[in-house]
Amino acid sequence: MSSTMTEKENSAPRPPPLLFLGAARTGTASLMEALRILGLENVHHGWEVSEREDQQWQWRIFDRAADATFPNIPTYNGKGFSRAEWDEVFGSYEAVSDVASFFAESLIPAYPDAKVILVERDIEKWYKSVLMIFEPAQSAFYRNLGETVGKWAGYDNAKASFKMHQGWTKAPTPETTVEHLKEAYIGHNKYIRENVPADQLLDFQLSQGWEPLCRFLGKPIPDVPFPHANDSAAYKARGKKLTRKMMGRAARNFFFPCFQKKF
393 MSSTMTEKEN SAPRPPPLLF LGAARTGTAS LMEALRILGL ENVHHGWEVS EREDQQWQWR
453 IFDRAADATF PNIPTYNGKG FSRAEWDEVF GSYEAVSDVA SFFAESLIPA YPDAKVILVE
513 RDIEKWYKSV LMIFEPAQSA FYRNLGETVG KWAGYDNAKA SFKMHQGWTK APTPETTVEH
573 LKEAYIGHNK YIRENVPADQ LLDFQLSQGW EPLCRFLGKP IPDVPFPHAN DSAAYKARGK
633 KLTRKMMGRA ARNFFFPCFQ KKF
């Protein structure tokens with residue numbers, strides 16, 4: 393009896409994470425900080441995964457998920473990505489955002505019981521902000537450089553990110569992602585509103601502050617200001633810091649491979 397119960401418990405699906413599926417540059421870092429203040433300790437954001445060497449394995453899963461999800465990328469295999477596969481990377485988190493938003497059309501059917509938060513910015517302000525992510529990757533030279541540096545640095549984020557950029561925008565080529573951004577943004581928000589049950593969806597604006605978020609999550613309103621993090625200047629500074637770190641590691645590993653384990 394005890395053995396049977398243990399088997400059932402092990403086979404039961406894990407509770408779904410809270411899915412913040414607002415597109416990149418819609419306040420993902422601010423909302424993740426808000427969730428931490430509300431007591432959700434383990435929240436997922438692309439910055440932490442990119443910066444931490446011990447989390448690079450996640451990018452290999454995202455790379456695999458991109459191949460399974462996006463019909464418009466050359467490496468698409470049509471396999472789809474199941475809840476069990478998403479649990480490999482997201483199963484230990486209480487909430488996920490940023491990277492997760494690229495895979496909304498896979499995550500929503502994979503986690504039909506999940507609560508979902510959507511933030512939609514003014515499209516022109518969003519477009520101006522998100523260009524810093526998508527525009528450089530239109531260059532084949534930049535993509536090749538990013539993947540090469542990543543390979544030598546031991547970072548796996550570049551290749552997966554480029555697939556996600558093209559896949560999410562539904563662009564026919566990596567060079568045309570920017571011209572498809574606005575259409576992708578509109579379609580992304582429309583898909584979420586049409587495919588998430590109303591009682592599981594919070595259509596939210598950061599300017600609304602704590603009240604609607606706390607009501608949706610059943611949390612008391614904290615006596616602190618709602619956080620605002622990762623503006624464009626902070627994003628650029630953090631990106632430059634990560635690039636310098638990757639370049640340094642790549643150079644060291646390329647020129648001094650015998651010293652890799654000593655640093």
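Just so you know, we're using the numbering used here here: the sequence shown kicks off at 393 and counts up by one.
Ideal Cβ positions, reconstructed from N, Cα and C, are used throughout, including at glycine.
Residues bridged to residue i (per DSSP)
i: I509; result: F412, L594
i: V435; result: A487
Whether residue i touches residue j by CB criterion (8 Å)
i: I429; j: P614; result: yes
i: E486; j: L609; result: no
i: F554; j: A529; result: yes
i: V522; j: A416; result: yes
i: A476; j: P408; result: no
i: A621; j: S489; result: no
i: N549; j: W451; result: yes
i: V491; j: G438; result: yes
i: N464; j: Q558; result: yes
i: A458; j: M524; result: no
i: L537; j: A426; result: no
Nearest residue (CA-CA) to residue i, options the options
i: D479; options: F462, E603, H436, D514; result: H436
i: G414; options: P617, A502, I515, T569; result: I515
i: L418; options: L593, R513, D591; result: Checking the displayed sequence, the identity of residue 418 turns out to be Thr instead of Leu. Of the listed residues, the one whose Cα sits closest to T418 is R513.
i: A576; options: V441, S493, R444, N434; result: S493
i: A532; options: Y519, K551, K517; result: K551
i: P589; options: S484, Y503, E440; result: Y503
i: N434; options: Q448, S484, T569, K520; result: S484
i: Y519; options: T569, C606, P619, L427; result: T569
i: F618; options: W602, F473, P612, T467; result: W602
i: G472; options: Q592, L605, P501; result: P501
i: S498; options: E445, A460, D446; result: A460
i: R406; options: L432, F482, D455; result: F482
i: K574; options: D591, R585, F526; result: F526
DSSP-derived helix/strand/coil call for residue i
i: P604; result: helix
i: L430; result: coil
i: I613; result: coil
i: I525; result: helix
i: P564; result: coil
i: Q448; result: coil
i: P589; result: coil
i: N464; result: coil
i: A550; result: helix
i: P407; result: coil
i: H620; result: coil
i: R475; result: helix
i: F495; result: coil
i: Q530; result: helix
i: P501; result: helix
i: S395; result: Annotation note: pLDDT 45 at S395 (below 50); position unreliable, coordinate value reported separately. S395 falls in the helix class under three-state DSSP.
i: R535; result: helix
i: R364; result: Outside the shown range of the chain, which is 393 to 655, sits residue 364, and nothing can be said about it.
Beta carbon proximity, residue i to chain C, threshold 8 Å
i: Q592; result: Of the protein chains in the structure, only one exists, and it is not chain C.
**Message:** Closer than 8 Å is the cut-off here; do at least three beta carbon pairs connect the stretch 565-572 with the stretch 591-605?
**Reply:** no
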